[in-house]
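The structure under discussion appears below in the form of structure tokens.
There are 2 protein chains.
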Amino acid sequence: MSTVEKAISLLNFFTEDEPEWGLSDLARQARFDKATTRRLLVALANSGLVEQHAATRRYQLGASVLRLARVRETHFPLLQVAVPVLREVAAATDETVHLSEFGARGLVTLHVEESSKANRVSVATGQILPLHATASGIAFLAFSPAPLVKSYLRKTPAAFTRHTLVQPARLDDAITAAAARGYSQGEQGFEDGVVSVAAPILGLDGYALGSIAIAMPLSRRTKATTDHHVQAVRGASEKISARLFGEQPSPRQPRVA
Amino acid sequence: MSTVEKAISLLNFFTEDEPEWGLSDLARQARFDKATTRRLLVALANSGLVEQHAATRRYQLGASVLRLARVRETHFPLLQVAVPVLREVAAATDETVHLSEFGARGLVTLHVEESSKANRVSVATGQILPLHATASGIAFLAFSPAPLVKSYLRKTPAAFTRHTLVQPARLDDAITAAAARGYSQGEQGFEDGVVSVAAPILGLDGYALGSIAIAMPLSRRTKATTDHHVQAVRGASEKISARLFGEQPSPRQPRVA
DNA sequence: AACTATCGGATCGAATAATGATCCATGGAT
DNA sequence: ATCCATGGATCATTATTCGATCCGATAGTT
Chain D
750 MSTVEKAISL
760 LNFFTEDEPE
770 WGLSDLARQA
780 RFDKATTRRL
790 LVALANSGLV
800 EQHAATRRYQ
810 LGASVLRLAR
820 VRETHFPLLQ
830 VAVPVLREVA
840 AATDETVHLS
850 EFGARGLVTL
860 HVEESSKANR
870 VSVATGQILP
880 LHATASGIAF
890 LAFSPAPLVK
900 SYLRKTPAAF
910 TRHTLVQPAR
920 LDDAITAAAA
930 RGYSQGEQGF
940 EDGVVSVAAP
950 ILGLDGYALG
960 SIAIAMPLSR
970 RTKATTDHHV
980 QAVRGASEKI
990 SARLFGEQPS
1000 PRQPRVA
Chain G
750 MSTVEKAISL
760 LNFFTEDEPE
770 WGLSDLARQA
780 RFDKATTRRL
790 LVALANSGLV
800 EQHAATRRYQ
810 LGASVLRLAR
820 VRETHFPLLQ
830 VAVPVLREVA
840 AATDETVHLS
850 EFGARGLVTL
860 HVEESSKANR
870 VSVATGQILP
880 LHATASGIAF
890 LAFSPAPLVK
900 SYLRKTPAAF
910 TRHTLVQPAR
920 LDDAITAAAA
930 RGYSQGEQGF
940 EDGVVSVAAP
950 ILGLDGYALG
960 SIAIAMPLSR
970 RTKATTDHHV
980 QAVRGASEKI
990 SARLFGEQPS
1000 PRQPRVA
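Heads up: the sequence lines are chains D and G, in that order.
Residue numbers for the first sequence follow my numbering, beginning at 750 and rising by one.
Residue numbers for the second sequence follow my numbering, beginning at 750 and rising by one.
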């Protein structure tokens, strides 16, 4: 890990639950030397990414992250556009709805609207979704460039449950089916007892840039809810793409005959 | 500048106006070697702070800045709280209203609501305001701990216009007056033809953590507008502190008799 | 009051990672 | 067809980071 990556990795310890850190605490948690941690924090503080509370000497995220987020959202307003749509879907289905975007580190959960039910599926923002084991991942792969899909399929997929698709042939079938139908279904592939449907969000090039998914406990699934969710998720996906680009991109698929 | 600071300084080139950069361009602008710039960008990309558009090879801010901003705002919702108040003030006065926060790098403009008038004052978010030459700065100093004020006054202040207060005695007077009245007035100290009034935003410790200001062209100033602005800015400042902390902090001033 | 543990921070020689001149392949522009 | 700028890769040199150690302050504990 480069020095820069170490420094930035410290930022990821600041969360909604633990938004403030003392030096020693953070050093232990990050498994860096205390002196190293301090140097990194000072560098981050000089750059405004973190701030130090003068009285308590504790560190928290700094004001400049707000500016960065604003620039990103102005340039590429996925969240602004998608969150209201997610809310609608969550309201219409009363199940957990989540949005993910594909970046360098994989398919990252950007936003979650949770169901109001007590028995609901919880997803953490920032979580990285395994492409082969989630409905979101399959939907994404089904509308991704062939080389990306191929290179991903070369890796041996990890099994998270007894239901995770690990045989390349089965995975391939799932992707082909999703490409043909325009949506994917998850069957307890990532966590037991959780099923979901997902649709890709297409970029201007016609390839998926992320996906939107509805997840529910298996116990609640019926034919009717599934159909409803498929409709909801496809409608939402189209709405988001359309609002992002002013038009609905025409899909490009890696494996269409 | 440390390696980490160099890397992060690259982030500041991504703005609303120039949200995407090519490698060579950015290297020239930042005055880093191209190879160095690339290494830094790769490190930033691995951390999710920037992303590279696969087709154009250009870089833009990444998805993880959104997460960081959300954590910061959840923990310390200055913007969430203040922006609606700024909007009210902007609506009531139809002049440019801006919010700033004091951090490691100085008094930074966090948010701006511009007047709808053609002849208006424009302020850039992210701009660093000189403490001695702006109403915001004087308001901040008037409610800052004595050592901070003293150490700042030791530096020789830069003159931005003929009207900038540069004599320590005059500056001191301005700060004392602002401390006594609870607001400050700017008289073309930073830019010719611009006047403003500002009030501090107090933290729980009773010291200022930033300030809010209304700026207008000198040509529009009358006794009546000034009075109105003073009222508006003080009311807004109190409202923001109160909403942030559930109560209005009692001010602590460095130089009260 | 003395002791102890832990905190944030500072120091400095050794170890490592950053640097940048140089090269390469690609793709527009003239 | 040629030229130039682009993004990216290489590697010996060098500057920076690393971390064991020390320090003073604070807060419990005995």
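For glycine and all other residues, C-beta sits at the position ideal for the given N, C-alpha and C.
So which residues of chain D does residue i contact, with C-beta pairs closer than 8 Å?
i: G:Gln809; result: Arg821, His824, Phe825
i: G:Leu789; result: Val753
Helix, strand or coil, according to DSSP, for residue i in the structure here?
i: D:Leu790; result: helix
i: G:His860; result: strand
i: D:Ala839; result: helix
i: G:Glu767; result: coil
i: D:Leu848; result: strand
i: G:Leu798; result: coil
i: D:Pro826; result: coil
i: D:Ser813; result: helix
i: D:Ser751; result: coil
i: G:Leu759; result: helix
i: D:Ala831; result: helix
i: D:Ala867; result: coil
i: G:Ala803; result: coil
i: G:Ala1006; result: Any reading at G:Ala1006 must be qualified, since the residue scores a pLDDT of 28, below 50, and its modelled position is unreliable; no value is offered.
Whole-angstrom Cβ separation of residue i and residue j, contact assumed at under 8 Å?
i: D:Pro894; j: D:Tyr956; result: 6 Å
i: D:Leu790; j: D:Lys755; result: Not really, about 11 Å apart at Cβ, beyond 8 Å.
i: D:Ala873; j: D:Gln934; result: About 22 Å; that fails the 8 Å criterion.
i: G:Glu863; j: G:Thr845; result: 5 Å
i: G:Ser751; j: D:Ile757; result: With 8 Å as the limit, G:Ser751 and D:Ile757 do not qualify as a contact, their Cβ atoms being about 13 Å apart.
i: G:Ile887; j: G:Ala927; result: 5 Å
i: G:Phe889; j: G:Ser945; result: Not a contact, Cβ separation roughly 13 Å.
Could you check whether the Cβ of residue i sits closer than 8 Å to any Cβ belonging to chain D?
i: G:Arg1004; result: Note on G:Arg1004: pLDDT 46, under 50, position unreliable in the model; no value is reported.
i: G:Leu902; result: no
i: G:Gly875; result: yes
i: G:Ser1067; result: Nothing about residue 1067 of chain G can be reported from this structure: the residues present for chain G run from 750 to 1006 only.
i: G:Ser751; result: yes
Give the interface partners of residue i over in chain G, defined as CB-CB distance under 7 Å, in chain order.
i: D:Ile757; result: Ser796, Leu798
i: D:Val861; result: Here the premise fails: no neighbours, minimum Cβ distance about 12 Å.
Report yes or no: is there a C-beta of chain G within less than 8 Å of the C-beta of residue i?
i: D:Ala928; result: no
i: D:Ala818; result: yes
i: D:Pro1007; result: The structure shown does not extend to residue 1007 of chain D, since chain D is modelled only from 750 through 1006, so no value can be given for it.
i: D:Ala841; result: no
i: D:Glu987; result: no
i: D:Phe763; result: yes
i: D:Ala908; result: no
i: D:Ala947; result: no
i: D:Pro768; result: yes
i: D:Leu848; result: no
Determine the chain D residues that contact residue i at a beta-carbon separation under 9 Å, and present them in chain order.
i: G:Phe939; result: Going along chain D, no residue has its Cβ under 9 Å from G:Phe939, so there is no contact; the nearest lies around 21 Å.
i: G:Leu793; result: Val753, Glu754, Ile757
Residues of chain D with a CB under 7 Å from the CB of residue i: which are they?
i: G:Leu828; result: Leu815
i: G:Val857; result: Ala812
i: G:Leu760; result: Leu817
Nearer than 7 Å: is that true of the beta carbon of residue i relative to any heavy atom of the ligand COA?
i: D:Arg807; result: Ligands are entirely absent from the displayed structure, and the ligand COA is therefore not among its contents.
message: What ranges does the beta strand (DSSP E) occupy inside the segment 871-955 of chain D, keeping only unbroken runs of at least 3 residues that lie completely in it?
response: 933-936, 943-951
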